[in-house]
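Peer 1: Heads up: the sequence shown at position 733 corresponds to 714 in my numbering, and the numbers run straight through without jumps. Quick reminder that beta carbons are idealized off the backbone N, C-alpha and C, glycines included.
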Amino acid sequence: MKKRLLNIALACLIGVLSVSCDIKNADVLPPVDLMVSEGFKNPIGFYDAKPSFSWKIQSGSSATAQTAYRIVAASSPDLLPDNADLWDSGKIDSDQSVWNQYAGQTLNSRQQVYWQVQFWDQNKHVSAWSEMAYFELGLLQNSDWQGKWISLAPEKNPALDDYGNIVIKPEYLRKIIKVHQGVKKARLYITSKGIFEAYLNGEKVGNDLLTPGYTPYSKRIETLTYDVTEQLRDGENALGIILGEGWYSGRMGWSKDMWKQKPLPKALCQLEITYANGTFEIIGSDVAWKGSRNGPLRYSGFYDGEIYDANMEFPKWATVGFNDASWESVSEIAVNSDVKLAPKRHRAVTIKKELETIAVTEPTKGAFVFDLGQNMVGVPKVQIPVKKNQKVTIRFAEMLQKDGQMYTENYRTAKSTDYYIPKADGLITWQPTFTFHGFRYVELTGFDENAVPDSSWVSGLVYYSDFEQTGIFRSSHDKLNQLQKNIEWGMRGNFLDIPTDCPQRDERMGWTGDAQVFAPTAMFIGDVYAFWSSWLESMREDQDDEGGIPFIVPNEKGKTFSSGWADAATVIPWEIYFRTGDKGVLEENYQMMKKLLGFYQSKAVNNIVNVNTFGDWLQPFPMEKENQRGDTPKDLIGTAYYARSISLTLKAAEVLDKQEDVKALSSLLNDVSKAFENKYLDKNGKLTTQYESQTGYLMALGFGLVSDDMKARVFKHLVTQIELADNHLRTGFLGTPLLAPVLDQFGRSDLMYSILFKETYPSWFYSINQGATTMWERWNSYSHKDGFGKVSMNSFNHYAYGAIGQWMYERIAGLQALEPGYKKILIAPIPGGPLHFAKATYQSPYGLVMSEWKKSGQVLDLSFVIPSNTSALVKVPINENQQVFMDGSLVRSLDHIKIVEDNDANFAFEVKPGTYQITVK
Ligand code: RAM
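1) Just the Cα atoms here: how many angstroms apart are N81 and T669?
2) Using the C-alpha atoms, what's the distance from I147 back to S397?
3) Over what stretch of residues does the beta strand (DSSP E) that includes V846 continue unbroken?
4) Looking at W298 and the ligand RAM, is the gap between the Cβ and the nearest heavy atom below 6 angstroms?
5) Using a Cβ-Cβ cutoff of less than 6 angstroms, which residues in the same chain neighbour N6 once the five nearest sequence positions on both sides are dropped?
6) Could you pull out every unbroken beta strand (DSSP E) segment of at least 3 residues lying fully inside the stretch 195 to 264, listed in chain order?
7) In angstroms, rounded to a whole number, what distance separates the CA positions of Q364 and T394?
8) Within 6 angstroms: the Cβ of S494 and any heavy atom of the ligand RAM?
9) Express the C-alpha separation of V653 and Q582 in angstroms, rounding to a whole number.
10) Kindly indicate which residue of F845, D767, M756 and Y823 has the alpha-carbon position closest to the one of K383.
11) Report the rounded CA-to-CA distance for F714 versus Y289, giving the unit in angstroms.
12) Does the stretch 148 to 158 come close enough to the stretch 271 to 281 to have 3 or more Cβ pairs within less than 8 angstroms?
13) Determine the extent of the alpha helix (DSSP H) in which E704 is found, giving its start and end residues.
14) Between the Cα of E112 and those of P11, G282, S43 and Q47, spot the shortest distance and give me the residue it belongs to.
15) Please confirm whether I222 and A248 have their CB atoms less than 7 angstroms apart.
16) If the criterion is Cβ atoms closer than 7 angstroms, does the pair K660 and H698 meet it?
17) Express the C-alpha separation of Y50 and D63 in angstroms, rounding to a whole number.
18) Exposed or buried, I880, counting other C-beta atoms within 10 Å across all chains shown (16 or more means buried)?
19) In its own chain, which residues sit with a C-beta less than 7 angstroms from the C-beta of P858, not counting the 5 before and 5 after it?
20) From N608 to E390, what distance separates their C-alpha atoms?
21) For Q702 versus E673, is the C-beta spacing smaller than 7 angstroms?
22) F657 lies in the beta strand (DSSP E); which residues open and close that run?
23) What does the alpha-carbon distance come out to for the pair W546 and S626?
24) I'd like the span of the alpha helix (DSSP H) that includes L917, first residue to last.
25) Given 8 angstroms as the limit, is there contact between the stretch 433 to 441 and the stretch 345 to 354, that is, 3 or more CB pairs closer than that?
26) Could you tell me the boundaries of the alpha helix (DSSP H) in which G813 lies?
27) Can you tell which of T594, I589, I847 and D305 has its C-alpha closest to the C-alpha of L650?
28) When the Cα of Q787 is compared with those of K538, L181 and Q497, which residue comes out closest?
29) Can you name the residues that DSSP bridges to W68?
30) Confirm the yes/no value for this check: CB of W905, any heavy atom of the ligand RAM, distance under 6 angstroms.
31) To the nearest angstrom, report how far apart K692 and F420 are at their CA atoms.
32) What is the rounded straight-line gap between the Cα of K(-17) and the Cα of A54?
33) Report yes if the C-beta distance between L629 and W555 is below 7 angstroms; otherwise report no.
34) Going by DSSP, what residue range makes up the beta strand (DSSP E) through T374?
35) What is the DSSP secondary structure of Y672, reduced to helix, strand or coil?
36) Can you tell me where the beta strand (DSSP E) with F888 in it begins and where it stops?
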């Protein structure tokens, strides 16, 4: 051994300047899961010219921690690892295996970057190099675009819709492109005002749907990049685009004043070809394209649905042989700098699942209803026999009436109906292109009545932004498991390019309040960091001059503000940072956070803020009947959220080391908290407001606005209010998410269990008892006894109350981040209620984390998994007669375990990465 060390020392002396003296140990497996920025694996058309790099230490490696790393990046794979021409980080002493900032050569549009990483473990042994990862930038500047915006001239006598606006017929656009021999690489860069599908030689390009997605279009439009190297052939190729109205030109909003004529759709694309001989060619969309509005898609809008006339099909329209002599020429407009064109920074919507029909009924003669068993978002796929020119009507509903008929009133003005006009008798397979619906039931009429419908006729194609599930929760309680399922489906249905309030009625907007309460839960369920980052960019773009954040983003409503909604601007960046550990999200959003505080400050009078708010939206049993904003006064909410936003901005300032801001914000927070306490609480800790609301107390305690000596008194009043409601919640959108953390903070999770497991109104299980398969907008959107809730606001797919998920994962199952990004994990379950088992797993930035417990009598078994390069604090409840054992030994007697708390109520200790099993008995 001595001799070996001597040799190594010698080697090091010889190669002082190199890192080759490191001990290689075959058990230190190379890092895996290489990703750039917010979790992208080998992306092309990538948006970020200043990316960060992340990797994971493999489970099964002898490495449990990282002590140093080295990243190399090059413009060509054969330069790696030894001749990195773009960047060689050198050996960097750091345990950080995530979000390491690129610091090499400036990267430009189209740049291809190959990279590898190696790391040194806890024994300073170096791993082999990782496999090679890759990214390729998209077109980063508007000046990269030689293609022009193209579209057909407006129709001469267009039909008008019910609101006096032009009915937009989808445009089919095409062009023949000549390609020489020897294509090495081909990229299609493409976007639209409106939504598009691209076709090359008759085949759809990519699996993305509803692209480019929804952003503040007057400021930024996203662009997509596709690798079409394989799809191109030598000689002539046909490139086709179908263009629909989408969000850009279509009707969006919940009130008539929002349904004005919008600009008409346009398309933009650029095919770039690199040949083997080194030549490079750009073919942009231009006036030489031809187009037609006489295709089978007669109309397609999000709210109202799609009309497809098969008689108007022009087969093979996107292939070379098609005769487009009767098609019109398009007009072109050059790309200018008014609207930023930027690569899409999160994954597009796609078909993520297909649901089968579970039952077919015929509540009215000839109208068959197909039940997919699950409220979902997307489109139907129909495979049905039809008769020539006999129109098939496809209607949608989330719920059925008592008599089995479709309940569609809650769609409000959204017609949400698709029509198919057959060109011949026979069997068709069809799905809509440019619309989506929120539904569980599909009703068909107009098919060939000679056939008997069966479940194979209809399936549901589930659309959502392409995220993968990262978190799983299970328990011994069926209704709690159903609740988790409903939360997951609420997320799937409303993560459709932007976070929406609901996916089915004439709304589907990016409501900021709903999003901020649900964000922590969403960050557990799916890998949605990029999804949120992208939406936060839209939020920054939509922030007004005064610092106000509109209550919907993208904003379609003019200048608006609502406290509790606007605070998405501080809450979401902070929640993402805490769950990922990436300071980048705070850096990107810090100015927005501060500007929001500026808005509040400008409205504050003696630190009290009385501005518009939707309040504790849809709180049950309001004292003033029909008051949808609940019993908590708007100035209390405004001031509480002002303080909340200050406190989160303060934390961000600390992380970003902005010392002056830290000082100023600490003192401001202190002033606002004091003002809040003085105004809204009397000496006994009772609310001084007209009505005592659970939410008033929850905000005071949950946002830390009460001085230490008052806390217990205030909490007593909260408990009284809960008890007066027979342990039911009396909270709406803003108050509900605070129940669990506040009760937990005061050691009353028993009370939270009681509220959560209530079966009667209002409660989570109440809606499950009424048949819910998603989260509902109201606790009683429907009941078997009273039927449907108020139709003006009655969505059966509204994720806000799903915010309880956070407590289920973090406290029932006991898996949470103790330090940002799960670098330190807290395993601290609170077994309670009727549960005897709960489990959560989560794909953290460092790898899989798990916490699972089983309880039988007084014995608690807890298993947990802690990934490499992290550590954990484990905290279990015990009583004076219990001991904690690990693999049969008393934990107290184990030298390698550091005990940090040991008393009659809690036992807490620290552990290193690994898989553990403990028993409390
Ligand atoms: C409703 C939306 C949303 C809510 C606002 C105040 O129309 O559905 O959920 O945030 O109102």
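Peer 2: According to the structure shown:
1) Within the sequence shown, residue 81 is the residue found at index 100, counting from 1. Within the sequence shown, residue 669 is the residue found at index 688, counting from 1. So the alpha carbons of these two residues sit roughly 50 angstroms apart.
2) As a working mapping, residue 397 is identified with position 416 in the sequence shown. As a working mapping, residue 147 is identified with position 166 in the sequence shown. When rounded, the distance between both Cα atoms is 18 angstroms.
3) Numbered from its first residue, the sequence shown carries residue 846 at position 865. Element bounds for V846: V840 to I847.
4) Sequence index remark: in the sequence shown, residue 298 carries index 317 (1-based). Not so, every heavy atom of the ligand RAM lies at least 6 angstroms from the Cβ.
5) On the sequence shown, residue 6 is found 25 positions in, with the first residue counted as 1. For N6, same chain residues with a beta-carbon under 6 angstroms away, outside a window of 5 residues either side, are H106 in chain order.
6) Secondary structure within the stretch 195 to 264: the beta strand (DSSP E) runs of 3 or more consecutive residues, fully enclosed, are 201 to 208, 216 to 225 and 247 to 256 (chain order).
7) Taking the first residue of the sequence shown as position 1, residue 364 is located at position 383. Taking the first residue of the sequence shown as position 1, residue 394 is located at position 413. One alpha carbon belongs to Q364, the other to T394, and they sit about 28 angstroms apart.
8) For the purposes of this step, residue 494 is taken as the residue at position 513 of the sequence shown. First, the amino acid is wrong: residue 494 is Gly here, not Ser. Yes, Cβ of G494 sits closer than 6 angstroms to a heavy atom of the ligand RAM.
9) In the sequence shown, counting from the first residue as 1, residue 582 sits at position 601. In the sequence shown, counting from the first residue as 1, residue 653 sits at position 672. For Q582 and V653, the distance between alpha carbons rounds to 10 angstroms.
10) Within the sequence shown, numbered from 1, the residue matching residue 383 stands at position 402. Looking at the Cα atoms, D767 is the closest of the given residues.
11) Along the sequence shown, read from residue 1 onward, the residue named residue 714 stands at position 733. Along the sequence shown, read from residue 1 onward, the residue named residue 289 stands at position 308. For F714 and Y289, the distance between alpha carbons rounds to 40 angstroms.
12) The answer is yes - the stretch 271 to 281 touches the stretch 148 to 158, with three or more Cβ pairs under 8 angstroms.
13) If you number the sequence shown from 1, residue 704 lands on position 723. Per DSSP, E704 belongs to the alpha helix (DSSP H) from D689 to L705.
14) Here residue 112 refers to the residue found at position 131 of the sequence shown. E112 has its Cα closest to that of P11, out of P11, G282, S43 and Q47.
15) Here residue 222 refers to the residue found at position 241 of the sequence shown. Here residue 248 refers to the residue found at position 267 of the sequence shown. In this structure, A248 lies closer than 7 angstroms to I222 by Cβ.
16) One-based indexing of the sequence shown puts residue 660 at position 679. One-based indexing of the sequence shown puts residue 698 at position 717. The beta carbons of K660 and H698 sit no closer together than 7 angstroms.
17) Numbered from 1 along the sequence shown, position 82 holds the residue referred to as residue 63. Numbered from 1 along the sequence shown, position 69 holds the residue referred to as residue 50. It is roughly 15 angstroms from the alpha-carbon of D63 to the alpha-carbon of Y50.
18) Locating residue 880 in the sequence shown gives position 899, counting from the first residue. Classified as exposed, I880 has fewer than 16 neighbouring CB atoms from the shown chains inside 10 Å of its CB.
19) Residue numbering aside, residue 858 sits at position 877 when the sequence shown is read from its first letter. Once the five neighbours on either side are set aside, the close Cβ partners of P858 are I811, A886 and N887.
20) The residue you call residue 608 lines up with position 627 of the sequence shown. The residue you call residue 390 lines up with position 409 of the sequence shown. N608 and E390: Cα-Cα distance of roughly 22 angstroms.
21) The count along the sequence shown starts at 1 and reaches residue 702 at position 721. The count along the sequence shown starts at 1 and reaches residue 673 at position 692. In contact: Q702 and E673 (Cβ atoms closer than 7 angstroms).
22) For the purposes of this step, residue 657 is taken as the residue at position 676 of the sequence shown. Segment Q640 to Y661 is the alpha helix (DSSP H) holding F657; no beta strand (DSSP E) there.
23) For the purposes of this step, residue 546 is identified with residue 565 of the sequence shown, where counting begins at 1. For the purposes of this step, residue 626 is identified with residue 645 of the sequence shown, where counting begins at 1. Inter-residue distance for W546 and S626 is about 11 angstroms (C-alpha atoms, whole angstroms).
24) For the chain, the structure presents residues -18 to 902; residue 917 sits outside this window and is missing.
25) Judged by Cβ distances under 8 angstroms, the stretch 433 to 441 makes contact with the stretch 345 to 354, as three or more pairs qualify.
26) Within the sequence shown, residue 813 is the residue found at index 832, counting from 1. Segment: none, G813 is in no alpha helix (DSSP H) and carries neither H nor E.
27) The residue labelled residue 650 in the question sits at position 669 within the sequence shown. Per the C-alpha coordinates, the member of T594, I589, I847 and D305 positioned closest to L650 is I589.
28) Here residue 787 corresponds to residue number 806 of the sequence shown, with the count starting at 1. Ranking the options by Cα distance to Q787, first place goes to Q497.
29) Within the sequence shown, residue 68 is the residue found at index 87, counting from 1. Looking at the DSSP assignment, W68 forms a beta bridge with A54.
30) The shown model of the chain, from -18 to 902, leaves out residue 905, and the question about it has no answer.
31) Start at 1 with the first residue of the sequence shown, and residue 692 comes out as number 711. Start at 1 with the first residue of the sequence shown, and residue 420 comes out as number 439. Rounded to the nearest angstrom, the gap between the Cα atoms of K692 and F420 is 46 angstroms.
32) Numbered from its first residue, the sequence shown carries residue -17 at position 2. Numbered from its first residue, the sequence shown carries residue 54 at position 73. Model confidence at K(-17) stands at a pLDDT of 42, short of 50, so the residue's coordinates are unreliable and nothing is read from them.
33) Taking the first residue of the sequence shown as position 1, residue 629 is located at position 648. Taking the first residue of the sequence shown as position 1, residue 555 is located at position 574. A distance below 7 angstroms separates the beta carbons of L629 and W555.
34) Here residue 374 corresponds to residue number 393 of the sequence shown, with the count starting at 1. Looking at the DSSP string, the run of the beta strand (DSSP E) that includes T374 is V373 to A378.
35) As a position in the sequence shown, residue 672 is number 691, starting the count at 1. Secondary structure of Y672 (DSSP, three-state): coil.
36) Along the sequence shown, one-based indexing puts residue 888 at 907. It spans N887 to V892 - the beta strand (DSSP E) in which F888 sits, taken as one unbroken run.
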